[in-house]
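Participant:
There are 2 protein chains.
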Amino acid sequence: MKVSELARQADVHPDTVRYYTREGLLCPDRDPDNGYHHYNDEDLRRLRFARKARQLGFSLSQIGAILGEADEHQSPCPLVRELFEQRLAAVEQELAELTRLRERMRQALSAWQSMPDGSPDGHTICRLIEHWDDAQGGAA
Amino acid sequence: MKVSELARQADVHPDTVRYYTREGLLCPDRDPDNGYHHYNDEDLRRLRFARKARQLGFSLSQIGAILGEADEHQSPCPLVRELFEQRLAAVEQELAELTRLRERMRQALSAWQSMPDGSPDGHTICRLIEHWDDAQGGAA
DNA sequence: GTAAAACCTGTGAGTGGCTCACAGGTCAAG
DNA sequence: CTTGACCTGTGAGCCACTCACAGGTTTTAC
Numbered sequence: 001m002k003v004s005e006l007a008r009q010a011d012v013h014p015d016t017v018r019y020y021t022r023e024g025l026l027c028p029d030r031d032p033d034n035g036y037h038h039y040n041d042e043d044l045r046r047l048r049f050a051r052k053a054r055q056l057g058f059s060l061s062q063i064g065a066i067l068g069e070a071d072e073h074q075s076p077c078p079l080v081r082e083l084f085e086q087r088l089a090a091v092e093q094e095l096a097e098l099t100r101l102r103e104r105m106r107q108a109l110s111a112w113q114s115m116p117d118g119s120p121d122g123h124t125i126c127r128l129i130e131h132w133d134d135a136q137g138g139a140a
Numbered sequence: 001m002k003v004s005e006l007a008r009q010a011d012v013h014p015d016t017v018r019y020y021t022r023e024g025l026l027c028p029d030r031d032p033d034n035g036y037h038h039y040n041d042e043d044l045r046r047l048r049f050a051r052k053a054r055q056l057g058f059s060l061s062q063i064g065a066i067l068g069e070a071d072e073h074q075s076p077c078p079l080v081r082e083l084f085e086q087r088l089a090a091v092e093q094e095l096a097e098l099t100r101l102r103e104r105m106r107q108a109l110s111a112w113q114s115m116p117d118g119s120p121d122g123h124t125i126c127r128l129i130e131h132w133d134d135a136q137g138g139a140a
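Chains as they are written, first to last, in the UniProt record's numbering: chain A, 1 to 140; chain B, 1 to 140.
1) Residues in the segment 93–117 of chain B with C-beta within 9 Å of chain A's C-beta atoms, listed in sequence order?
2) For Asp29 (chain A), which three-state DSSP category applies?
3) Helix, strand or coil for Gly138 (chain A), going by three-state DSSP, please let me know.
4) Would you list the residues sitting across from His38 (chain B) in a DSSP beta bridge?
5) Contact check, Gln55 (chain A) vs Leu83 (chain A) under 8 Å by CB: the rounded distance?
6) Going by DSSP in three states, Asp15 (chain A) sits in which element: helix, strand or coil?
7) Go ahead and pull the three-state DSSP assignment for Phe84 (chain B).
8) Check whether the Cβ of Val91 (chain B) lies closer than 8 Å to any Cβ atom in chain A.
9) Assess contact between the segment 107–116 of chain A and the segment 86–96 of chain A, defined as three or more Cβ pairs (one per stretch) separated by less than 8 Å. Is contact present?
10) Could you pull out every residue in the same chain whose Cβ sits closer than 7 Å to the Cβ of His13 (chain A), ignoring the five residues on either side in sequence?
11) Might you give, ordered along the chain, the residues of its own chain that have their beta carbon closer than 8 Å to the beta carbon of Gln9 (chain A), omitting 5 neighbours on each side?
12) Considering only the alpha carbon of each residue, which of A:Asn40, A:Asn34, A:Ile66 lies closest to Phe49 (chain A)?
13) Throw me the rounded Cβ distance for the Leu98 (chain B) and Leu95 (chain A) pair, which I believe falls under 8 Å.
14) Given a cut-off of 8 Å on the beta-carbon distance, is the pair Val17 (chain A) and Leu60 (chain A) in contact?
15) For Leu88 (chain B), go through chain A and note every residue whose CB falls closer than 8 Å to its CB, in chain order.
16) So is Arg51 (chain A) in contact with chain B if we call contact Cβ pairs under 8 Å?
17) Give the C-beta separation of Pro32 (chain A) and Tyr39 (chain A) to the nearest angstrom, bearing in mind that I take them to be a contact with Cβ-Cβ under 8 Å.
18) According to a CB-to-CB cut-off of less than 9 Å, which residues of the UniProt domain "HTH merR-type" (1–69) of chain B neighbour chain A?
19) Using a 10 Å radius around the Cβ and a threshold of 16 neighbouring Cβ atoms, would you call Tyr20 (chain A) buried or exposed?
20) Let me know if Arg100 (chain A) comes out buried or exposed under the rule of 16 or more other beta-carbons within 10 Å of its beta-carbon.
21) Excluding the five sequence neighbours on either side, which residues of its own chain have a C-beta within less than 7 Å of the C-beta of Phe58 (chain A), listed in chain order?
22) Are any of the Cβ atoms in chain A nearer than 8 Å to that of Gly138 (chain B)?
23) Out of B:Ala53, B:His37, B:Leu109, B:Val3, point me to the one whose CA is closest to Arg104 (chain A)'s CA.
24) Start and end of the alpha helix (DSSP H) containing Ser59 (chain A)?
25) Would you report the Cα separation of Arg102 (chain A) and Trp112 (chain A), rounded to the nearest angstrom?
26) So what's Met1 (chain A) in DSSP terms, helix, strand or just coil?
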């Protein structure tokens, strides 16, 4: 399999395949005649695995570490469980922050319904933003 | 005010002040003797405004556009209302995706409780990840 | 008065995960 | 045998910083 074929089978951009190859996540053979990369089913498995892991929010270096353990015939699963729990905690935190942000934005939006636009007066730039935090008690 | 003083008053990194200055969000006077930047209260307002807008998820170029309108003595508020609604929609979407992700992760985690780690067998890398999606119907 | 510490300057690189552009080589179909 | 679609490596661009570096300036302490 050449780059585009692998990319099609895993439904990613060919440049992503090239990038993962550069980063060492994929280790294709080279055609001695023209230098082309030749990927096999193992590479396809690795690529699909990497994409799933990316969807879970793992970084490429974490994925590299997992693949590396698997390459050394060790079960990567304990590492995966550990990284996964860390990742879940991070997701929970992002979620909490984003939820707070949404609430503040919604409240700001409703507060703005009754606020006039107003022109810059040398003291404020845009009251909508400058006072958006005060409108609800100012908790950061 | 010099860089560090402004940074302290707005509670940001001095390099952030320098960066915003480079990007044209802040336009301090220069000391003709030594070339130092001199910031005034207007710059402090702009910086604080920019930080609030960043907390809301606006990009620096959007913030630049808002400040630009204010500089031309036009009310930036209609622009702000428009950008704000776009941003709120984006936040809602991120939130929905993150919520889905969390659910899938939680289900995966509980499914894994009963799965053994297993070593790489040439067909799978880590079942935990490779089957994490299948375990719940495989809806992407 | 002077030496050290703490500032200032501009520039450039690094972060992460791609994506795109470029210049040149290779290959399949008509 | 040309056209077009692929391949190669390299480098830049995105975003909002953050940090490093080398050299100049100002403040502080003695």
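By construction, the Cβ of each residue, glycine as well, lies at the ideal position given by its N, Cα and C atoms. Since we're looking at a predicted model, the values are computed, not measured.
Facilitator: Let me spell this out:
1) Glu94, Leu95, Leu98, Thr99, Leu101, Arg102, Arg104, Met105, Arg106, Ala108, Leu109, Trp112, Met115, Pro116, Asp117
2) strand
3) Summary for Gly138 (chain A): the model assigns pLDDT 39, below 50, so the residue's position carries little reliability, and this model does not support an answer.
4) B:Asp29
5) The pair is not a contact, with the Cβ atoms about 14 Å apart (cut-off 8 Å).
6) helix
7) helix
8) yes
9) Pairwise C-beta distances place the segment 107–116 of chain A out of contact with the segment 86–96 of chain A, as fewer than three of them are shorter than 8 Å.
10) Ala7
11) Met1, Leu44
12) A:Ile66
13) The Cβ separation is near 5 Å, so the contact holds.
14) Going by C-beta atoms, Val17 (chain A) is not nearer than 8 Å to Leu60 (chain A).
15) Arg102, Met105, Arg106, Leu109
16) no
17) About 16 Å separates the two Cβ atoms, so there is no contact after all.
18) Glu42, Arg45, Arg46, Arg48, Phe49, Lys52, Ala53, Gln55, Leu56, Gly57, Phe58, Ile66, Leu67, Glu69
19) buried
20) exposed
21) Excluding positions up to five away in sequence, the list reads Leu83, Arg87.
22) No answer about Gly138 (chain B) holds up, because its pLDDT of 38 lies below 50 and its placement is not dependable.
23) B:Ala53
24) Per DSSP, Ser59 (chain A) belongs to no alpha helix (DSSP H) and is neither H nor E.
25) 15 Å
26) coil
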